[in-house]
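*Asks:* If you read the sequence shown in the working numbering, its first letter stands for residue 87, the second for the next number, and so on.
We put the beta carbon where it would ideally sit given N, CA and C, even for glycine.
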Amino acid sequence: MIKLILISLSAASFTYSQNINSGVKVLHQKENIIKFADYLFCEKDYLRSANEYLRIDEGLRDEKINFKIALSFSTIGDYSTAKNIFRQINESSPYYGSSRLEIMKIFFLEERYHELGEYFRTGRNLNLSTENTSGEKLYSLSFLKDQQTIPAFENFVKAFDADEKNEVAALYQLKMNPPNKNPLIASVLSAIIPGAGKIYTGDIGDGIFTFLTTGVFTFLAYDNFKAEHNFRGWLFSGLAVMFYGGNIYGSFASAQIHNARIKYEFNLQLDSFIKLKNYFIPQYDFCK
Numbered sequence: 087m088i089k090l091i092l093i094s095l096s097a098a099s100f101t102y103s104q105n106i107n108s109g110v111k112v113l114h115q116k117e118n119i120i121k122f123a124d125y126l127f128c129e130k131d132y133l134r135s136a137n138e139y140l141r142i143d144e145g146l147r148d149e150k151i152n153f154k155i156a157l158s159f160s161t162i163g164d165y166s167t168a169k170n171i172f173r174q175i176n177e178s179s180p181y182y183g184s185s186r187l188e189i190m191k192i193f194f195l196e197e198r199y200h201e202l203g204e205y206f207r208t209g210r211n212l213n214l215s216t217e218n219t220s221g222e223k224l225y226s227l228s229f230l231k232d233q234q235t236i237p238a239f240e241n242f243v244k245a246f247d248a249d250e251k252n253e254v255a256a257l258y259q260l261k262m263n264p265p266n267k268n269p270l271i272a273s274v275l276s277a278i279i280p281g282a283g284k285i286y287t288g289d290i291g292d293g294i295f296t297f298l299t300t301g302v303f304t305f306l307a308y309d310n311f312k313a314e315h316n317f318r319g320w321l322f323s324g325l326a327v328m329f330y331g332g333n334i335y336g337s338f339a340s341a342q343i344h345n346a347r348i349k350y351e352f353n354l355q356l357d358s359f360i361k362l363k364n365y366f367i368p369q370y371d372f373c374k
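Listed below in structure tokens is the structure:
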């Protein structure tokens with residue numbers, strides 16, 4: 087009987103020892119994975135970093151790890167996965183406000199400005215001062231990207247700091263009053279004076295060339311008809327008409343190209359400003 091008890095105690099002791107060793111091994115393995123994943127994260131190897139973090143059992147991951155996983159996926163452009171993980175961050179977490187800002191950033195990058203606005207407005211009542219301040223800046227600038235009605239200037243710039251207001255004001259004015267050219271006016275001008283429409287759109291060299299070529303062919307047609315060289319007269323007349331018609335259409339197209347360039351340069355300037363400001367998201371200190 088005593089022998090049986092001793093055997094049972096030995097077995098229980100062995101099992102307990104194995105469980106302790108197993109638990110220590112799991113914790114040790116988690117620490118090693120985190121160290122390696124952190125290294126990859128700070129080396130900007132975000133895909134491998136996320137995959138390493140995901141090796142940790144879900145029940146053992148804290149909010150910081152989940153946030154870094156989502157941030158890694160967002161950085162490499164896997165926005166769907168990133169949003170799903172950001173949304174799982176608990177409201178009591180210190181990373182909750184940052185996760186909301188990151189979701190707003192993703193909406194901006196996806197050009198889903200209406201959803202960005204709705205998401206910001208639904209979270210406005212939360213006691214998250216950093217998110218409300220930074221989020222409102224990104225929300226305001228989304229109006230410059232979308233076709234919705236832009237707020238009045240005073241309301242638009244009030245969220246921005248003093249050192250940001252000058253550039254924001256310039257972007258606002260450029261959006262409200264872009265230096266566009268009217269394609270119809272360009273066409274009419276070129277119908278009156280060949281090349282004038284292109285000069286109006288800023289394409290001065292092409293405008294002068296059009297004026298000269300149309301004028302030269304018109305003169306040659308007149309001169310040959312006057313000399314009774316009818317064939318050459320009709321030939322040069324046809325060329326003059328061709329250049330004249332092309333000049334009108336070209337001026338219309340030139341105005342459209344000018345306007346497209348203005349829009350492209352505006353978006354480039356806006357995107358550069360927002361990227362320079364890191365989408366108004368505070369810098370993280372994960373890599374010291």
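Tell me which same chain residues have a C-beta within less than 6 Å of the C-beta of Ser108, skipping the five on either side of it?
*Replies:* Only weak support exists for where Ser108 lies, its pLDDT of 47 falling under 50; the coordinates are left without a value.
*Asks:* Return the first residue and the last residue of the alpha helix (DSSP H) that Thr208 is part of.
*Replies:* Its alpha helix (DSSP H) spans residues Tyr199 to Thr208.
*Asks:* Please work out which residues of its chain come closer than 6 Å, Cβ to Cβ, to Glu222, disregarding the five sequence neighbours upstream and downstream, and give them in chain order.
*Replies:* Excluding positions up to five away in sequence, the list reads Ala245.
*Asks:* Rounded to whole angstroms, what is the Cα-Cα separation between Ile334 and Arg318?
*Replies:* One C-alpha to the other measures close to 24 Å.
*Asks:* Cα separation between Ile360 and Val243?
*Replies:* Approximately 14 Å between the Cα atoms of the pair.
*Asks:* Can you find the residues in the same chain that come closer than 6 Å, C-beta to C-beta, to Lys261, ignoring five residues on each side of it along the sequence?
*Replies:* Contacts found: Leu230.
*Asks:* Taking 7 Å as the limit between beta carbons, can you name the residues of its chain near Phe172, skipping five residues before and five after?
*Replies:* Cβ within range, chain order: Ala156, Ser185, Glu188 and Ile189.
*Asks:* Go ahead and label Lys169 buried or exposed: buried means 16 or more other beta carbons lie within 10 angstroms of its beta carbon, across all protein chains shown.
*Replies:* Buried is the call here.
*Asks:* Could you name each continuous alpha helix (DSSP H) segment of 4 residues or more that falls completely within the segment 266 to 293, going from the start of the chain to the end?
*Replies:* Fully enclosed alpha helix (DSSP H) runs of 4 or longer: 269 to 278 and 282 to 286.
*Asks:* Under DSSP, the alpha helix (DSSP H) around Ser160 begins and ends at which residues?
*Replies:* Its alpha helix (DSSP H) spans residues Glu149 to Thr161.
*Asks:* Taking 8 Å as the threshold (C-beta atoms), are Tyr165 and Glu117 in contact?
*Replies:* No, they are not a contact pair.
*Asks:* If I follow the unbroken alpha helix (DSSP H) through Leu354, where does it start and stop?
*Replies:* Asn316 to Leu362 is the extent of the alpha helix (DSSP H) around Leu354.
*Asks:* Closer than 7 Å by C-beta to Ala272: which residues in its own chain qualify, once you throw out the five before and the five after it? Chain order, please.
*Replies:* Closer than 7 Å at Cβ, skipping near neighbours: Gly283, Tyr286, Thr287, Ser337, Phe338, Ser340 and Ala341.
*Asks:* Determine the DSSP secondary structure at Ser228, reduced to helix, strand or coil.
*Replies:* Reduced to three states, the DSSP call for Ser228 is helix.
*Asks:* According to DSSP, is Lys244 helix, strand or coil?
*Replies:* Lys244 falls in the coil class under three-state DSSP.
*Asks:* For Leu146, I'd like the list of residues in its chain whose CB is within less than 7 Å of its CB, leaving aside the five on either flank, ordered along the chain.
*Replies:* Excluding positions up to five away in sequence, the list reads Lys116.
*Asks:* Please classify His344: is it buried, with 16 or more other beta-carbons within 10 angstroms of its beta-carbon, or exposed?
*Replies:* Flag for His344 reads buried.
*Asks:* Could you please give the first and the last residue of the uninterrupted alpha helix (DSSP H) stretch that includes Tyr370?
*Replies:* Unbroken run through Tyr370: none, as it is neither H nor E.
*Asks:* Go ahead and pull the three-state DSSP assignment for Thr235.
*Replies:* In the structure shown, Thr235 sits in coil (DSSP, three-state: anything other than H, G, I, E or B).
*Asks:* Tell me which residues share the same chain as Glu138 and place their Cβ nearer than 8 Å to its Cβ, disregarding the 5 neighbours each side in the sequence.
*Replies:* Excluding sequence neighbours, Glu138 sits near Ile119, Phe122, Ala123 and Leu126.
*Asks:* Considering only their Cβ atoms, is the gap separating Phe322 from Ala307 smaller than 8 Å?
*Replies:* Taking 8 Å as the Cβ cut-off, Ala307 and Phe322 qualify as a contacting pair.
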